[in-house]
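Data first, discussion second: the structure below is written as structure tokens.
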């Protein structure tokens, strides 16, 4: 049995993040940490330490799938773990992220009004106005709704993958994982050239 | 002949699931590119193969000679 470290409990933070979004949407901003920390680690240390140690979401899927035995534990189909799907999914995710930033900008510039909805799987708009309790600038709230939509959508996709395949099947297609691995591969190639 | 874990490194997403479950700390992910097995340490228990979400770790028989070469 391996010794537990403080970072083995980061799944609590990830769960808390998802729960807090039901009470106050502005907590969604904290999710930016899950975007910047992995990128900064890969950029500066050239490792995937975030995925390997600190990813609370991965830990959560591990607990649900392995400890609670919710996963079918079957291998993923080849097309789902292929390079082209991984990078196409990353590109799709980045486009959707860009669209979310554009919506935020439209609200910021007064072109459109704040929409108090959480959009799941890029299609289903759920009214979420109850979680908008602290009045802030409309664009700040718009970003929070958009970002929480991204986080909730990816969690749902991860849960589906966890149920159908291996507990951490999400890690195979995770856009952040793909991005950080690309950074690491790039850094490694540069290092080998020198 | 002993069983050892072999990783299809080109398919590896470097998530670290294998590294986490390895009881012998035989797996590392150098430079965040892909997982690597230290065959001297590997005892072929298969925990990594079971945990790998991409199912790209296989256990193969190796002769003692091969083991010392890697």
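Protein chains in written order, with the working numbering: chain A, 120 to 313; chain B, 50 to 119.
All C-beta atoms, glycine included, are put in the ideal place defined by N, C-alpha and C.
Quick one: Cα of residue 118 of chain B to Cα of residue 100 of chain B, how far?
Confidence at residue 118 of chain B is low in this model, with a pLDDT of 45, below 50, so its placement is unreliable and no value can be given for it.
Give me, in chain order, the residues of the same chain whose beta-carbon lies closer than 7 Å to that of residue 290 of chain A; leave out the 5 immediate sequence neighbours on both sides.
When the five nearest sequence neighbours on each side are left out, the beta carbons in the same chain lying within less than 7 Å of the beta carbon of residue 290 of chain A are those of 170, 177 and 296, in order along the chain.
Quick check on residue 63 of chain B: does DSSP put it in helix, strand or coil?
coil
Any residues in the region 86 to 110 of chain B with a beta carbon nearer than 7 Å to a beta carbon of chain A? Which ones, in chain order?
102, 103 and 104
Let me check one thing: in DSSP terms, what residues is residue 109 of chain B bridge-paired to?
Answer is B:53.
By a C-beta neighbour count over all protein chains shown, 10 Å radius and 16 as the cutoff for buried, is residue 135 of chain A buried or exposed?
exposed
Please classify residue 245 of chain A: does DSSP put it in a helix, a strand, or coil?
In the structure shown, the three-state DSSP call for residue 245 of chain A is strand.
Do residue 180 of chain A and residue 286 of chain A come within 9 Å of each other at the CB atom, strictly closer than that value?
Between residue 286 of chain A and residue 180 of chain A, the CB-CB gap stays under 9 Å.
Which of the three DSSP states, helix, strand or coil, is assigned to residue 218 of chain A?
helix
Which residues in chain B have a C-beta closer than 9 Å to the C-beta of residue 200 of chain A? List them in chain order.
60, 62, 102, 103, 104 and 105
Could you check which residue in A:281, A:253, A:306 and A:262 has the C-alpha nearest to that of residue 191 of chain A?
A:281
Check the Cβ of residue 78 of chain B against every Cβ in chain A and list those closer than 8 Å, keeping chain order.
166, 167 and 171
Secondary structure at residue 78 of chain B, three-state DSSP: helix, strand or coil?
coil
Can you pull the chain A neighbours of residue 68 of chain B, defined as C-beta to C-beta under 7 Å?
Listed by position along chain A, the residues whose Cβ is nearer than 7 Å to that of residue 68 of chain B are 171.
Do you know whose CA, among A:231, A:137 and A:194, lies nearest residue 105 of chain B's CA?
A:194
To the nearest angstrom, how far is the alpha carbon of residue 108 of chain B from that of residue 60 of chain B?
Looking at the two C-alpha atoms, the distance is approximately 16 Å.
Could you spell out the range, first to last residue, of the beta strand (DSSP E) harbouring residue 253 of chain A?
DSSP places residue 253 of chain A outside any beta strand (DSSP E), giving it a letter other than H or E.
Would you give the residue range spanned by the alpha helix (DSSP H) that residue 137 of chain A belongs to?
129 to 139
Tell me whether the beta-carbon of residue 205 of chain A lies closer than 9 Å to the beta-carbon of residue 259 of chain A.
In this structure, residue 259 of chain A does not lie closer than 9 Å to residue 205 of chain A by Cβ.
Give, in chain order, every unbroken run of the alpha helix (DSSP H) that is at least 4 residues long and sits entirely within the region 136 to 200 of chain A.
152 to 164 and 175 to 181
Quick check on residue 177 of chain A - is its C-beta less than 9 Å from some C-beta in chain B?
yes
From the beta carbon of residue 299 of chain A, is the nearest beta carbon of chain B less than 9 Å away?
yes
Report the three-state DSSP secondary structure of residue 238 of chain A (helix, strand or coil).
strand
If I measure Cβ to Cβ from residue 236 of chain A and keep anything under 7 Å in the same chain, skipping five residues before and after, which residues do I get?
The beta carbon of residue 236 of chain A sits closer than 7 Å to those of 244, 245, 246, 247 and 264, all from its chain and outside the five residues before and after it, given in chain order.
Could you give the C-beta distance for residue 271 of chain A and residue 162 of chain A, rounded to a whole number, given that I count them as a contact under 8 Å?
Not a contact, Cβ separation roughly 27 Å.
For the alpha helix (DSSP H) containing residue 72 of chain B, name the first residue and the last one.
Unbroken run through residue 72 of chain B: none, as it is neither H nor E.
DSSP three-state label for residue 92 of chain B, please.
Coil at residue 92 of chain B, not helix or strand.
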